[in-house]
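Quick notes on the structure that follows.
2 protein chains.
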Amino acid sequence: MAVCVDVLAVVLLLRVAVLGFPARPPPQAESSCGYKSCPATQPSMLNVHLVPHTHDDVGWLKTVDQYYYGDRNDIQHAGVQYILDSVLEQLLADPTRRFIYVETAFFFRWWRQQDSATRKAVTMLVNEGRLEFVNGGWCMSDEATTHYSAVIDQMTLGLRFLNDTFGACGRPRVAWHIDPFGHAREHASMFAQMGYDGFFFGRLDYQDKARRIRDKDMEMVWRASESLTPPTADLFTGVLPNGYNPPAGFCWDQSCNDPPIRDDPNLEDYNVDNVVKRFIEIANDQAKMYRTNHIIMTMGSDFQYENANLWYKNMDKLIRYVNAKQSQGSKVNVLYSTPSCYLQGLHQANLTWSVKMDDFFPYADGPHDFWTGYFTSRPALKRYERLSNSLLQVCNQLEVLGGPNSRKGPYGEGDSDTLQEAMSVAQHHDAVSGTEKQHVANDYAKRLARGWAHCETLVSNALATLSSWEAPREYCLSLNISVCPATENSYKFFLTVYNPLSRMVSWPVRLPVNGSDYMVLQPHGQVLDSQVIPVSKATRKIRGDRGYAVNELVFRVQAPPVGFRTYVVSQMSRQHPPVAPQPGTPLSMENQFIRVTFDPDTGLMNSLTNLETKQKIQLMQNFYWYNASDGNSADSNQPSGAYIFRPNSSTPIIVSQTAKTYTLKNSVVQEVQQEFSPWVSQVVRLYWGSRELELEWTVGPIPVEDSLGKEVITRLDTNINSSGYFYTDSNGREMLERRKDFRPTWDLKQSEPVAGNYYPINSRIYIKDKVNQLTAVTDRSQGASSLQDGSLEIMLHRRLLYDDVRGVGEPLSEPGDDNKGLVVRGRLLLALTPPKDAADIHRPLAEALVLEPLLAFQTGELHPNTILEFSGLQASLPPAVHLLTLSQWDQESVLLRLEHQFQVTESPTNSQPVTVNLKKLFSTLEVVGVSEMNLSANQWKDEMNRFDWKTSGGEQCPPRRLGDTSPWEITLKPMEIQTFLLRVRQR
Amino acid sequence: MAVCVDVLAVVLLLRVAVLGFPARPPPQAESSCGYKSCPATQPSMLNVHLVPHTHDDVGWLKTVDQYYYGDRNDIQHAGVQYILDSVLEQLLADPTRRFIYVETAFFFRWWRQQDSATRKAVTMLVNEGRLEFVNGGWCMSDEATTHYSAVIDQMTLGLRFLNDTFGACGRPRVAWHIDPFGHAREHASMFAQMGYDGFFFGRLDYQDKARRIRDKDMEMVWRASESLTPPTADLFTGVLPNGYNPPAGFCWDQSCNDPPIRDDPNLEDYNVDNVVKRFIEIANDQAKMYRTNHIIMTMGSDFQYENANLWYKNMDKLIRYVNAKQSQGSKVNVLYSTPSCYLQGLHQANLTWSVKMDDFFPYADGPHDFWTGYFTSRPALKRYERLSNSLLQVCNQLEVLGGPNSRKGPYGEGDSDTLQEAMSVAQHHDAVSGTEKQHVANDYAKRLARGWAHCETLVSNALATLSSWEAPREYCLSLNISVCPATENSYKFFLTVYNPLSRMVSWPVRLPVNGSDYMVLQPHGQVLDSQVIPVSKATRKIRGDRGYAVNELVFRVQAPPVGFRTYVVSQMSRQHPPVAPQPGTPLSMENQFIRVTFDPDTGLMNSLTNLETKQKIQLMQNFYWYNASDGNSADSNQPSGAYIFRPNSSTPIIVSQTAKTYTLKNSVVQEVQQEFSPWVSQVVRLYWGSRELELEWTVGPIPVEDSLGKEVITRLDTNINSSGYFYTDSNGREMLERRKDFRPTWDLKQSEPVAGNYYPINSRIYIKDKVNQLTAVTDRSQGASSLQDGSLEIMLHRRLLYDDVRGVGEPLSEPGDDNKGLVVRGRLLLALTPPKDAADIHRPLAEALVLEPLLAFQTGELHPNTILEFSGLQASLPPAVHLLTLSQWDQESVLLRLEHQFQVTESPTNSQPVTVNLKKLFSTLEVVGVSEMNLSANQWKDEMNRFDWKTSGGEQCPPRRLGDTSPWEITLKPMEIQTFLLRVRQR
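These protein sequence lines map, in sequence, to chains A and B. With the working numbering applied, the first sequence has no gaps in its numbers, which climb one by one up to 969 at the end. With the working numbering applied, the second sequence has no gaps in its numbers, which climb one by one up to 969 at the end.
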């Protein structure tokens, strides 16, 4: 795919920045850790790498802190504090023993409680490679429902802690996603760019695994980007033999019941001979599936090693007795090892590996067991997580721009760390995935909410600094249900809009009010067009008594890049009653860019036109639900649940053939409000000046009185000739081609025609033919598919009556208010374009939906010197450049990530290298030093030295570096992210 | 009770024996262990002694070795090897931490596997009192179903290991029977004589406990013998507050789910304040039930501390945070402690304690939950255990008498240790008690069987040495079902009878043969009267195809004290067919001493006469079964099970009103064979020369096709005017008075009229009035009662359909052959005497039933020099003296226990002090040195220095020592056991 002669590349390698800063410590001696610390293996034998490990979910059946302490062991026996205590003791007892640790969220909690002697002992173990960190992010993130922005942040948080605490010996060499339920290509790409030498996981489609075992193709090189030049996004990837469990019969954890090794001939049941025989058989069988004379065995599982002695005592014996057979000619050599030492063994074998280009979705562990339900499970949590990411980026940016006052200022003490930690926890594969117990979901939300509070204080402090105005600031988190005390109660208020994007962007805002006529003034006094419309019936129903605004004030705001603008909103003395929506369906709505037509008989849309390009498609949209399997079927007893999507029929049930409609049109917005049932409604909304059509759906409480679990979708049926193909994003970045009933790397035997065609979408999905591309941009992660040509369907909400027997032990039935069932509201933004121009629309659209403006409200009077408009940038960045990260690193430096947000071929104009001058970036900050880092900011870029792997397919090109221009100018190629540590000072 | 001026006592204190041997090590420095090592307490505060402990059953749901290794964790999570590993680490981590260990069977296994560094560390902990052994026997014996002989042996085995390994610091100060289901007075007596300063237990009748809590009488002095002069058998005894568990909410084991202490304010759910508050409340509440400012909390339970870190980490915090409150005025002081340190606190309080004279049977934990079923559960195992004790004593004696050749001789290597260990394991309170799972019961039996095999080799070697004849020896363990290949297959064989008693005793033997006329010759050629009778139908049915003898040869043998006699048995050439039993019931049978009459209509006995004393009673005997509750009753859902006896009606169901009978009379024996049903039969048997009537009962397979669990009893109804009183032995020694529906120390509210009146019998039960005493001597431990005046009932066998919810998790339904249900055969020996003479009969009778002769069979030809008769004693010992122990201690010394086997008032002739000259004891051994020891042989008698306790009732007399006579002469007072280490050499 990649063309090696990369004429576009003008890469600036910032070896050492102009001012020689950030000061870099001398290269750390890794004399005893890393690959050098690996135990010796036997070249002429089968080397069995035993990898003692624990898999510690950062929340699942219990909250993260319950897991840490070992609280609520009635739910699940698990206490991470004890695991780390116990492993430490056992490692100290014998220098040959090894252990790996993965989840820094837990390790951090534990480390904080240790005394200096313990810390010293742990440091020694790390320095000697006896305790090795793998993966090392704050959590082991979910791969289907996470957004790359939050994943990079959580990895950065975890890896930074390890770097700060242990230096180079604490840097993980191996990525380790043994549990996530399918694997995203974008994750592999990120791991490659984070400097990992290899990646291991446990779960993949059972047919895929069978094929790979058959073909000895369990280990491969994953080429994880179509845009980045190999081997930038190449990642050696291995499928573990037993998920992440030990081979059958060899689990010696306290949670297992396998027989211990009984080697005292004075006691009953001496079993050494039997154990050795079984082990050698298993090792030889496993070796048949892999290509080298090294095999790996994961000796551990969920929350194991709380009493590590059980494991080590028996493994010590296993090693002793199995290796003792070598003197009788056995060719099996067992050793304590780690994933990196195993990887080194593979690398030294110097084989040529196959290349994997697609991803590992969807995951099925049986013909009727597709883990595609969790793509949508807990849609409100998924949305809250996405919103929290947006706030966190705002918070990070304002911490930098507001300077030290941000953390301690007129509003008190604030911080971004609390939200950063909460967000990092939320990336866990049983968090945003929606596969945790209800009380744990509540805990994730609580943590995020506490993070919000800390960030809001920080944001208020920063805005006070930047605006020179300290009047109290309020934030309204429930605007989507028209609740905002600050606006409901005021005749006059100030709205500050903070824009985290590196371009001026415009958004509509809808503020709950009780007046019906308002004047909205821009900073320089211009009046902005605004309209008041009554709060809809659907919104009032959801809102209940949480607010009492009768109207919404709607207008369109803008704010400068990485900056804010303050609007003054005043109620007019003369109040006209607002125009209420009128019953009935219009034939059409249109603005400058779009026309949408409706069928007045059904109240449904029937076409969509792009007025600029003059292209038009038929478009029918409606709501349906799949009847969730209750597990009673002849094929399989698998019910739908938090993880699994399994409709009991491939034909979804329509909620209503027709919608009761109301129409409203004014100078700001046009809406058709559609009511499909008491629990499904939608607003088809078109703002003036928008190139996208908004579909605001409201679903819930999903009724289950009929004892039928329901998985609610919306489906868009068009005349686009999509030929079975559709396209979904990977973690919100690169797009992947999907094809119905097809997998690129094996002959799929499709056994679930609906669930087996579902894929995760994090930001968008599209279908296209030569002329038309219909792109749906979403506001959260969801499951989606295209089951008929021209059709797109997105699962919105699920309510189920049975547990799906994957451990969570609860049916997914979110209680909502008063336990009546959760109501969820969300938005889809539709864009109809020619395929070649699509990215030019959907990339910025998705960017603006991911990073929303922050709205802050104030009352009172302005000072004369109040600054009402501010931009942190000297100028907008080019459309291709996304400001991915701007956050305070330490007192003097900030972390900056700039991203090229287009793929290599997706836009004639934007898929070009683009250059940014770092010196000219910021308006208030002077950049006095810069060093480039790896993506996770735990290694200097020029010290990255990953294993090279020979591949049988595709090509690898050494990155071409076409000479330096200015040391401050950096050039981004499509889909490239560059990470910098900048030394800055306030101008 | 006791009279202080003990004119009888002529106690010889053997400070240092004549030859100054056995060499005694210099007194060991106990500078840092023992009471001196106890942590400081606060005199002005409530001191809460936290006692970290584990309770490790020596078999129950799993076998002892499964428990040791942690095998079969699917049955129960428990692995003692890991417990000891883990506790060791945790103790080493903090010198304030303490732990106690109890069961030497496990500690021994573990110790054997440790390296020298570990042993050194453990020794240090023991020397510093941080690891304290309590109880310290091989197991924590059952108290209801064990015989004192075996209990002393198992305690000796365990305590000797501790002494040999750790010296004085390994000697337990406290007896600790936290789990046994009721407590025997004889156990308390033994513990006192073993030198324990105090005793703690967990289980007692719920009404008793309520009364004691009310009266603050939870701690007392148990005066455990009516014969021994106080304080010889006085034992300070404490009832633990929570059984042996921690207070509710404070269990931090991995097996518990109580919340850990969460003291990191950065994490969720900080709970220190709540924990401290709850703990102080609990401590203050507990203090109200006890008398001093010391209270004890048992911090542990079954198989806990496998991961000791969980416990200690949380207790560390508890201690820190609770004691921190002292600075705010709290008066609660928590500390790590041990039972002995707690006991020291009580002792230093110098209070006057109440005196307890009876025992703690039966145990009930609810109105319908009497633990009186296990008195009989698994009657075959109970018998096998008793027989094994007999063999072990024979084996021990012959090891001494046979000299070094015994262990390694013409028959190979033999030993007594294997059987000693198996017997010691079998004393466990879920072993001989019958309350273990079936597979564990099988394991106990297997261990005993292996012990038998080792002992048989030793015995053969010893007999070869003593007889100078090395022809192969065979042993027949199934004589009770007429199986013995050695006799079945031979025309001529030699029978050697070894007598372990210190007097010449005579027993009938019954040998399976296929001939019908035999000649039996004594060593000097006299012909012995013998008779051949056909093998009974009942026996053939049980025997099945395990043997094929058609007849039994019956004759009466004798053997000299602690010696043997060999008989020659030859089939006669002229064979008379044996006289078959004739259908019908005789009016009576009688020999020189007894007449028993029958009712020819029913086939049942109707009177018993002592022909010597001319006393006669009416005597009806029959078989009945209680219908076991299935748990479905209005009162309670408690079913009968392995532990619990709960008939669903107080009226037992009669097996049959009449018996089908056969009668057989010859010159050796007279029998009435009674057949009550296909599963109940009996032989009423009277040997010529016997003063007792034998009832050989056969019960089983108990039919349960009717879905009714059955608890089978035999009942003897007489006209003895017993007035509600009856008498049962305690562990086979002293007798206790029982009274229907009455407890000596509290007002009993009887809620189970049958089960609540059952008591354990180990050797005998009797009823009496002024004239007549009817004593039944049993061959195993059983449950028994007297529910009507003149009536005695004994439970023989049980087969149940439900588990009784006390943990064993199986209904007690022994499979027997082909899973049809177990058949059990046993014997009751009845004696009718005047009350004053009863003990003169039943003491020797029981002694002879406990220590049976060993029968060894040989074929071939005698050497001319073969020794056919041998006695290890110079002469028989007086009738009052029982040779309790004669066993090899080490190469040069033997352990000797001599016992006065009469109570102080029970026999005019025998209840007198009796003197034995040790120098003149043995025929082949010269005693060259002697030292007296405590009962458990782990302390020199003159170094015993137990705590003295002030008591509110009874008197305590200092033992009077009336001066020495000869240093070799020792005088035994009633019920006294004296223990000596003798240095001997072969004469």
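For each residue, glycine too, the CB sits at the ideal point set by N, CA and C. As the structure is a computational prediction, the values presented were derived from the model and not from experiment.
Going by beta carbons, A132 of chain B and S171 of chain B fall outside the 7 Å limit. Counting every other CB atom within 10 Å of its CB across the protein chains shown gives L373 of chain B a total of 16 or more, marking it as buried. Of the other Cβ atoms in all chains shown, 16 or more fall within 10 Å of the Cβ of Q664 of chain B; this residue is therefore buried. V898 of chain A places its beta carbon 7 Å or farther from that of P956 of chain A.
Under the Cβ criterion of 7 Å, G52 of chain B is counted among the residues facing chain A. DSSP places E168 of chain B outside any beta strand (DSSP E); the residue lies instead in the alpha helix (DSSP H), whose first and last residues are R167 to Q175. When beta bridges are read from the DSSP output, N443 of chain B appears opposite no residue. Collapsing the DSSP output to three states places M405 of chain B in a helix. At a cut-off of 7 Å between C-beta atoms, E250 of chain A counts as an interface residue with respect to chain B.
Per DSSP, A413 of chain A lies in no beta strand (DSSP E) segment and is marked neither H nor E. When the five nearest sequence neighbours on each side are left out, the beta carbons in the same chain lying within less than 7 Å of the beta carbon of R365 of chain B are those of D761, R762 and G808, in order along the chain.
For R244 of chain B, the nearest CB of chain A lies under 7 Å from its own CB, placing it at the interface with that chain. Scanning the segment 775 to 822 of chain A from its first residue to its last, the whole beta strand (DSSP E) runs of 3-plus residues come out as 806 to 815. Distance from the Cα of I626 of chain A is smallest, within the candidate group A:S19, A:D347, A:Q420 and A:R715, for A:D347. The beta carbon of R528 of chain B lies closer than 6 Å to those of V465 in the same chain, with the five residues before and after it left out.
Neighbourhood of R91 of chain A in chain B, by CB distance below 7 Å: L249, in chain order. With its beta carbon less than 7 Å from one in chain A, Y64 of chain B belongs to the interface.
DSSP, reduced to helix, strand and coil, places P386 of chain B within a helical segment of the structure shown.
Judged by DSSP secondary structure, V30 of chain A falls within the beta strand (DSSP E) whose first and last residues are L28 to P34. Within the same chain, R360 and L363 come within 7 Å of A423 of chain A by CB-CB distance, once the 5 residues on both sides are set aside. According to the DSSP secondary-structure assignment, L837 of chain B is paired through a beta bridge with B:V479. Secondary structure within the segment 575 to 660 of chain A: the beta strand (DSSP E) runs of 3 or more consecutive residues, fully enclosed, are 576 to 581, 586 to 592, 597 to 609, 642 to 647 and 651 to 659 (chain order). Here the alpha carbons of N29 of chain B and F929 of chain B stand approximately 21 Å from one another.
By the neighbour-count definition (other C-beta atoms within 10 Å, threshold 16), Q557 of chain A is an exposed residue. Listed by position along chain B, the residues whose Cβ is nearer than 8 Å to that of H864 of chain A form an empty set, because the closest Cβ is around 34 Å away. Around the beta carbon of D688 of chain A, a 10 Å sphere encloses fewer than 16 other beta carbons of the protein chains shown; the residue is thus reported as exposed. Counting the other CB atoms within 10 Å of its CB gives R746 of chain B a total of 16 or more, which places it among the buried residues. Pairwise C-beta distances place the segment 160 to 175 of chain A in contact with the segment 213 to 230 of chain A, as three or more of them are shorter than 8 Å.
The three-state reading of DSSP puts R91 of chain B in helix, counting H, G and I together. Residue state for D190 of chain B is assigned as helix, using DSSP reduced to three classes.
DSSP places L859 of chain B in no alpha helix (DSSP H); its state is neither H nor E.
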